[in-house]
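>
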Amino acid sequence: RPEERYSSAVDFKRDLEKLLYGGAYAPTTFNLALFMDRLYRQEIEDEDRELQREKTLDVTPYYRPAKGASAPTPAAVAAAPGSRVGLYVAIGVIVVLAGAVGYLLTRPKGPSEEETRRQVQAMVMEELAKREEALRQELERSRQETEALKQQLADIQKKAATGAQKLTPEEQKRLEEAQRLLAQREEEQRRKEAELARVQQEKARAAVAPPVAAPTAVPTVAPTPTPVPGEVAAAPSPIPTVAPSPTPEPTKAPVVAQAPAPAPAAPAGGVQENQFFDPSEVDTLPEKILDAKPELPLAATRARVNQKATVIVKVVVNARGVVEDAEILRGFPVAGLGIDEACIAAAKKHRFRPATKGGVRVKSTATLTFYVDLTK
């Protein structure tokens with residue numbers, strides 16, 4: 001029935017935690033380990049016995065060569081008649097290799113990188129267009145349902161405003177249900193409009209083709225000319241002095257400007273530091289680095305109470321690893337001794353390594369347990 005439903009997920013989660021940790025047997029690490037040990041103990045012992053039995057087996061006889069097998073003598077190999085099987089095999093291998101080389105040379109070339117990029121871009125655009133059309137249809141249908149609910153709510157409110165007839169309990173219930181459904185429809189409509197805008201932005205980004213990088217020109221260095229030796233005259237005339245040719249300057253390689261370093265990427269998913277997330281939504285859970293024991297009050301230590309129990313406390317850990325809030329999930333069986341308050345005070349003294357999501361430190365919850373023994 002509607003009145004028995006949970007008003008929010010927070011209430012449902014709180015009752016679920018009380019159900020898990022409020023009984024005599026809490027799902028702690030020790031209890032889970034004990035359950036797994038009792039569940040698989042027999043199989044583990046059977047596997048250990050099987051391994052010990054296999055270690056005692058003697059496998060050396062399996063490595064000894066067969067008695068009837070002997071290596072052929074060189075004389076027998078030399079006396080074997082010649083065969084043309086090897087020649088035929090060689091010819092077959094050559095034919096196969098020639099066919100493979102011919103296929104590689106004559107096969108059609110695959111699509112170029114530019115054609116592949118265009119095909120991928122066309123597929124992405126097609127999928128985004130389908131998604132956009134589906135969202136438009138859902139949004140139109142949601143708007144029609146919202147308008148119908150608004151009209152129904154207006155009719156009921158108009159009837160109640162005239163005062164001609166007092167609303168019956170059934171009509172009052174229908175009015176409240178219509179108001180709740182209208183709020184849900186409007187929230188869903190806003191969410192679909194935001195998703196449609198996001199898909200349109202992705203479609204616009206995908207429509208812009210990334211520029212194709214131009215091939216980098218490799219600078220060519222002119223070779224140094226080799227001096228040609230001068231001819232020696234046959235007559236005893238003086239040898240003319242040849243001025244040395246100037247040494248060519250080395251060609252400087254073009255200086256390529258370095259691209260600016262990319263800006264640091266923003267946190268994934270728009271996660272803000274110290275933003276609260278449920279433990280099921282974070283990447284790493286809060287890790288305890290400093291603990292504290294509860295200081296029991298005199299009323300608890302002097303009371304003649306033969307009780308011992310585990311107190312479970314749920315804490316909220318912020319991005320600095322400090323406990324902001326704490327609440328009792330399962331308290332001490334005997335109330336009025338101040339034990340629950342002492343456990344909460346001890347929990348707030350704990351320090352944690354904060355939870356993270358997408359590399360950003362966020363706020364989340366953790367569970368602490370305190371064992372209290374008053375039987376001593």
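Residues 1 to 376, numbered by full-length UniProt numbering, are exactly what the sequence shown covers, in order.
C-beta atoms are modelled at their ideal positions from N, C-alpha and C, and glycine is treated no differently.
Note that the structure is a prediction, hence the values are computed from the model and not measured.
1. Cα separation between Gly86 and Leu105?
2. As a quick exercise: from Glu176, Lys363, Lys203 and Tyr21, pick the residue whose alpha carbon is nearest that of Val124.
3. Curious, which full-length alpha helix (DSSP H) runs of at least 4 residues does the segment 317-369 contain?
4. Which residues bound the beta strand (DSSP E) around Lys288?
5. Do you know whose CA, among Glu147, Arg174, Arg180 and Glu138, lies nearest Glu195's CA?
6. Quick check: what's the CA-CA separation for Leu153 versus Ala9?
7. To the nearest angstrom, how far is it from the Cα of Pro279 to the Cα of Val362?
8. Here's the rule: buried if 16 or more other CB atoms are within 10 angstroms of the residue's CB, otherwise exposed. What is Glu231?
9. I'd like the list of long-range same chain contacts for Val282, defined as Cβ closer than 7 angstroms, with 5 residues on each side in sequence excluded.
10. Between residue 460 and Leu16, what straight-line distance do the alpha-carbon atoms span, to the nearest angstrom?
11. Within the continuous alpha helix (DSSP H) that includes Val10, where are the two ends?
12. Quick one, which of Ala346, Val317 and Glu45 has its alpha-carbon nearest Asp291's?
13. According to DSSP, is Ala303 helix, strand or coil?
14. Check the DSSP bridge columns for Lys376 and list the partner residues they point to.
15. Helix, strand or coil for Phe30? Go by DSSP, reduced to three states.
16. Between the C-alpha atoms of residue 378 and Glu113, what's the straight-line distance to the nearest angstrom?
17. Can you tell which of Leu32, Ala366, Thr60 and Lys173 has the C-alpha that lies nearest to the C-alpha of Pro2?
18. Where Asn318 and Leu51 are concerned, what is the direct C-alpha to C-alpha distance, given to the nearest angstrom?
19. Can you tell me the Cα-Cα spacing of Glu132 and Gln200, whole angstroms?
20. Output yes if chain D places a C-beta closer than 8 angstroms to the C-beta of Arg302; else output no.
21. Look at Thr369 and Ile312 and say whether their C-beta atoms are less than 8 angstroms apart.
22. State the Cα-Cα distance for the pair Glu147 and Lys18, rounded to the nearest angstrom.
23. Give the C-beta separation of Val271 and Gln307 to the nearest angstrom, bearing in mind that I take them to be a contact with Cβ-Cβ under 8 angstroms.
24. Here's the rule I'm using: 16 or more other beta-carbon atoms within 10 Å means buried, otherwise exposed. How should Thr247 be labelled?
In short, the structure shows the following:
1. In the sequence shown, counting from the first residue as 1, residue 86 sits at position 86. In the sequence shown, counting from the first residue as 1, residue 105 sits at position 105. Distance between the alpha carbons of Gly86 and Leu105 is about 29 angstroms.
2. For the purposes of this step, residue 124 is taken as residue 124 along the sequence shown, with counting starting at 1. Of the candidates Glu176, Lys363, Lys203 and Tyr21, the one whose C-alpha sits nearest the C-alpha of Val124 is Lys203.
3. Those alpha helix (DSSP H) runs which fall completely within the segment 317-369 and span 4+ residues are 339-348.
4. Walking along the sequence shown from the start, residue 288 turns up at place 288. Looking at the DSSP string, the run of the beta strand (DSSP E) that includes Lys288 is Glu287 to Leu290.
5. Counted from its first residue, the sequence shown places residue 195 at position 195. Distance from the Cα of Glu195 is smallest, within the candidate group Glu147, Arg174, Arg180 and Glu138, for Glu138.
6. By 1-based counting over the sequence shown, the position of residue 153 is 153. By 1-based counting over the sequence shown, the position of residue 9 is 9. Ala9 has its alpha-carbon roughly 27 angstroms from the corresponding atom of Leu153.
7. Mapped onto the sequence shown, residue 279 falls at position 279. Mapped onto the sequence shown, residue 362 falls at position 362. Rounded to whole angstroms, Pro279 to Val362 spans 10 angstroms at the Cα level.
8. For the purposes of this step, residue 231 is taken as residue 231 along the sequence shown, with counting starting at 1. Confidence is the limiting factor: at Glu231 the pLDDT is only 42, short of 50, which leaves the residue's position unreliable and the question unanswerable from this model.
9. As a working mapping, residue 282 is identified with position 282 in the sequence shown. Taken in chain order, the residues that qualify are Ala355, Thr356, Lys357, Val362 and Ser364.
10. No statement about residue 460 is possible, as the shown extent of the chain runs from 1 to 376 and does not include it.
11. Reading the sequence shown from its first residue, position 10 is the one you call residue 10. Segment Ala9 to Tyr21, the alpha helix (DSSP H) holding Val10.
12. The residue given as residue 291 occupies position 291 in the sequence shown. Checked all of Ala346, Val317 and Glu45; the closest Cα to Asp291 is Ala346.
13. Your numbering for residue 303 matches position 303 in the sequence shown. Of the three classes helix, strand and coil, the one that applies to Ala303 here is coil, per DSSP.
14. To locate residue 376, count along the sequence shown from 1; it is residue 376. Bridge partners of Lys376: none, in fact.
15. Within the sequence shown, numbered from 1, the residue matching residue 30 stands at position 30. Of the three classes helix, strand and coil, the one that applies to Phe30 here is helix, per DSSP.
16. Missing from the structure shown is residue 378; the chain here goes from 1 to 376 and no further.
17. Here residue 2 corresponds to residue number 2 of the sequence shown, with the count starting at 1. Considering only alpha carbons, the answer is Lys173.
18. Your numbering for residue 318 matches position 318 in the sequence shown. Your numbering for residue 51 matches position 51 in the sequence shown. Roughly 50 angstroms separates the two Cα atoms.
19. Counting from 1 along the sequence shown, the entry for residue 132 is found at position 132. Counting from 1 along the sequence shown, the entry for residue 200 is found at position 200. Distance between the alpha carbons of Glu132 and Gln200 is about 7 angstroms.
20. Absent here is chain D; the protein component of the structure consists of one chain.
21. The count along the sequence shown starts at 1 and reaches residue 369 at position 369. The count along the sequence shown starts at 1 and reaches residue 312 at position 312. Between Thr369 and Ile312, the CB-CB gap stays under 8 angstroms.
22. Taking the sequence shown and counting its residues from 1, the one referred to as residue 147 is at position 147. Taking the sequence shown and counting its residues from 1, the one referred to as residue 18 is at position 18. Using only the alpha carbons, I get a separation of about 41 angstroms.
23. Residue numbering aside, residue 271 sits at position 271 when the sequence shown is read from its first letter. Residue numbering aside, residue 307 sits at position 307 when the sequence shown is read from its first letter. Between Val271 and Gln307 the beta-carbon gap is near 44 angstroms, outside 8 angstroms, which marks them as no contact.
24. For this step, residue 247 is matched to residue 247 along the sequence shown. In this predicted model, Thr247 has a pLDDT of only 49, less than 50, meaning its place in the structure is not dependable enough to derive any value.
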